[in-house]
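One structure is given here, and the rest of the page talks about it.
In the numbering used here, the protein residues as written are 6 to 90.
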């Protein structure tokens with residue numbers, strides 16, 4: 006494989022991961038639930054989890070580590086903290 010083919014494959018993989026993450030984040034944010042049985046059992050605060058996913062996807066667009074770290078922290082918080090109210 007040539008360098009251009011590997012670069013194209015990597016770009017395609019990043020696009021698929023970005024669209025999947027954005028779709029999951031928007032779904033969790035709007036519907037206040039996550040798809041799948043396993044995620045439904047482990048995620049306690051779906052909206053917070055969805056915001057974290059969107060932050061992590063935005064790190065791909067900005068090519069920066071800061072939104073990735075912030076999004077990872079928010080996503081973990083969505084797993085651990087029960088919603089109030």
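Note that CB positions come from ideal geometry on N, CA and C, so glycine has one too.
- A straight-line Cα-Cα distance of about 22 Å links residue 24 and residue 9.
- If you compare the alpha carbons of 28, 50, 43 and 82 with that of residue 37, the shortest gap goes to 50.
- The C-alpha of residue 46 is placed about 17 Å away from the C-alpha of residue 58.
- Using a Cβ distance threshold of 9 Å, residue 52 and residue 33 count as a contacting pair.
- The Cβ neighbour count for residue 41, taken over all protein chains shown within 10 Å, is under 16; the residue is labelled exposed.
- Contact between residue 73 and residue 61 holds, with the beta-carbon distance rounding to 6 Å and staying under 8 Å.
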